[in-house]
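Using the numbering used here, you'd call the opening residue of the sequence shown number 1134 and step up by one each time.
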Amino acid sequence: MKIIRGAEFIEELLERDNSNQTDLEFDRNVLSIIDKVRSEGDEALLDFTERFDGVKLDRLIVTEEEITEAEQAVTEDFYRALHAAKERITTYHEAQKEQSWFLNPNEGIMLGQKVTPIDSVGLYVPGGKAAYPSTVLMNALPAKIAGVGRISMVTPPQRDGKINPHVLVAAKEAGVDRIFKVGGAQAIAALAYGTETIEKVVKITGPGNAYVARAKKWVFGDVAIDMIAGPSEICVVADANTNPVYAAADLLSQAEHDERAAAVCITTSEVFATELSKEVERQLAELDRKEIAAQSIEHFGRIIVVDSLQEAFDTVNRLAPEHLELMIDHPMEHLAAIRNAGAIFLGQHSPEALGDYMAGPNHTLPTSGTAAFSSPLGVYDFMKKSSIIYYSENALLEVADDIITLANAEQLTGHANSIKVRKAGYECVNNN
């Protein structure tokens, strides 16, 4: 793993996801898929599934019989681990629930905020060759806790036309209402606009490949989305006392995701940097997905040596990483210095994988520098807020002239008139 000084690499890293932002051919392909689904519905979904996934289906919906079969196929160990994860994720996310509130700032005035769950959500879960039951839990459980009325899930089928049993069991345990065998941009279009089988939703969440991400961007506005997810990222801040074996393992845990995943370590110790570089190469050779991880480390992995922890934190805030591990002495003392990160892991015994599966906080996190302005997926993403305003006659009269003045300044005489007619009516009644 390459060792460098200076943080210029951070800017290169942040630019890595912009390569297809102006790829017109890519956009045309995505838009053609969306348009076909909108015009042809289920027929288009079945055609695309056969073309892209190599599976000829006779139906899109997963049946109860398939779910029962999946329940019989998974092990007791899986059930135990799934329930443990569900319990921790539920406990954490229940603390995020927001309540409606009201206040009375003056006599005759009531203001407030009404919090309401959204009506429906569509969860995208990557599938096909891979299986992500943890992603099911992380998306479905917050929606369920929020009180979403209808939760649908889409996921690509395997070559045999089935959905991975671990994914199906997780969906049932998390309270998903309906599951559909479809993936890619066509699945996003189906959720956004509806087909004969798949009802449209008001929000779409969940990660996917470049086609999924681009489709989410194009349907945004017709429906809400959680975020545009880019390749996975990890940043480890280390000092001379950090265990290089742990740090190397954590960097590689993200590098194995994708050739474009980023694995960065920022350290104040040149000795540690050398040890870490050697340890990454040693562990890399032992990974099942070493070809993928090797590409990630070669192109988007670096060990950056800095002069101080403050410089390290400044670099972190520029990067705004998806996952940040503070593998330094007394990490809590430095937490205030971190402004931009999706999830922050404190100490040497809090690896990123803990957050992926079992700790409780959501593992759907902002990537590509967007942690500078956005947050992890949470219960708040499945709720909306309405403002509540009540003024009595006297309370409105007290502010009437000011409203009229401001409305006239904006040349919105209709606004001003809606106040004037009330003021005149009140004055007329009171004078009589």
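The beta carbon of each residue, even a glycine, is placed where N, CA and C say it ideally should be.
The model shown is predicted, which means the values in this text are computed figures rather than measured ones.
{"Item": "Less than 8 Å separating the beta-carbons of P1290 and V1188?", "Value": "yes"}
{"Item": "I think T1401 touches I1436, with their Cβ atoms under 8 Å apart; what is that distance to the nearest whole Å?", "Value": "In fact, because the Cβ distance is near 12 Å, the residues do not count as touching under 8 Å."}
{"Item": "Buried or exposed: where does C1368 fall if 16 or more other Cβ atoms within 10 Å of its Cβ makes it buried?", "Value": "buried"}
{"Item": "L1459 lies in the beta strand (DSSP E); which residues open and close that run?", "Value": "H1456 to M1460"}
{"Item": "Does the beta carbon of L1468 fall short of 7 Å from some heavy atom of the ligand COA?", "Value": "You won't find the ligand COA in this model; it holds no ligand whatsoever."}
{"Item": "Is it the case that the Cβ atoms of V1356 and F1515 are separated by a distance below 8 Å?", "Value": "no"}
{"Item": "Can you tell me whether Y1523 is buried or exposed? The criterion is at least 16 other CB atoms within 10 Å of its CB, across all chains shown.", "Value": "exposed"}
{"Item": "What span of residues does the alpha helix (DSSP H) with S1520 cover, start to end?", "Value": "It is not in any alpha helix (DSSP H) - S1520 instead sits in the beta strand (DSSP E) that spans M1516 to Y1524."}
{"Item": "How is F1313 classed by DSSP in three states: helix, strand or coil?", "Value": "strand"}
{"Item": "Ignore the nearest five residues each way along the sequence and tell me which others in A1492's own chain have a CB closer than 7 Å to its CB.", "Value": "R1221"}
{"Item": "Which of the three DSSP states, helix, strand or coil, is assigned to A1357?", "Value": "strand"}
{"Item": "Figure out for me which residue from L1459, V1170, E1199 and I1552 has the closest Cα to the Cα of L1442.", "Value": "L1459"}
{"Item": "The alpha helix (DSSP H) with R1451 in it runs from where to where?", "Value": "L1442 to L1452"}
{"Item": "What residues in its chain sit with their C-beta under 7 Å from that of A1505, if we drop five residues either side in the sequence?", "Value": "A1453 and N1473"}
{"Item": "Could you name the residues that DSSP lists as bridge partners for F1235?", "Value": "G1245"}
{"Item": "Give me the Cα-Cα distance between H1467 and D1191, rounded to the nearest whole angstrom.", "Value": "57 Å"}
{"Item": "If you draw a straight line from the alpha carbon of S1507 to that of P1499, how long is it in whole angstroms?", "Value": "6 Å"}
{"Item": "For the beta strand (DSSP E) containing T1288, name the first residue and the last one.", "Value": "R1283 to T1288"}
{"Item": "If you run the structure through DSSP and keep just helix, strand and coil, what is R1435?", "Value": "strand"}
{"Item": "Confirm, please, whether the CB-CB distance from P1464 to A1476 is below 8 Å.", "Value": "no"}
{"Item": "Does the stretch 1202-1212 come into contact with the stretch 1258-1265, if we say contact requires no fewer than three beta-carbon pairs (one atom in each stretch) closer than 8 Å?", "Value": "no"}
{"Item": "Using 8 Å as the threshold, is the stretch 1264-1277 in touch with the stretch 1164-1181, meaning 3 or more CB pairs across them?", "Value": "no"}
{"Item": "With a threshold of 16 other CB atoms inside 10 Å of the CB of A1549, please say whether the residue is buried or exposed.", "Value": "buried"}
{"Item": "Do you know whose CA, among P1509, S1525 and H1456, lies nearest N1239's CA?", "Value": "S1525"}
{"Item": "How is the beta strand (DSSP E) around S1267 delimited, first residue to last?", "Value": "Note, S1267: premise wrong, no beta strand (DSSP E); alpha helix (DSSP H) at P1266 to A1279."}
{"Item": "What residue does the beta strand (DSSP E) around F1099 start on, and which one ends it?", "Value": "Coverage of the chain is limited to positions 1134 through 1565, which leaves residue 1099 absent and any answer about it impossible."}
{"Item": "For E1144, name the three-state secondary structure that DSSP assigns.", "Value": "helix"}
{"Item": "Around the Cβ of Q1544, are there at least 16 other Cβ atoms within 10 angstroms (buried) or fewer (exposed)?", "Value": "exposed"}
{"Item": "Would the stretch 1294-1305 count as touching the stretch 1136-1152 if we require 3 or more Cβ pairs under 8 Å?", "Value": "no"}
{"Item": "Does DSSP put T1375 in a helix, a strand or coil?", "Value": "coil"}
{"Item": "Label R1161 either buried or exposed according to how many other C-beta atoms from any shown protein chain fall within 10 Å of its C-beta, with 16 as the threshold for buried.", "Value": "exposed"}
{"Item": "When you compare only the Cα positions, how much space is there between S1551 and L1510?", "Value": "42 Å"}
{"Item": "Going by beta carbon distance, what residues of the same chain come within less than 7 Å of G1308, once the five residues before and after it are set aside?", "Value": "A1273, K1277 and I1284"}
{"Item": "If we ignore side chains and look at the alpha-carbon of each, how far apart do N1450 and A1140 end up?", "Value": "12 Å"}
{"Item": "Using a Cβ-Cβ cut-off of 6 Å (strictly less than) and excluding sequence neighbours within five positions of T1327, which residues of its own chain qualify?", "Value": "The residue asked about is misnamed: residue 1327 is Gly in this sequence, not Thr. Cβ within range, chain order: K1333."}
{"Item": "According to DSSP, is A1418 part of a helix, a strand, or is it coil?", "Value": "coil"}
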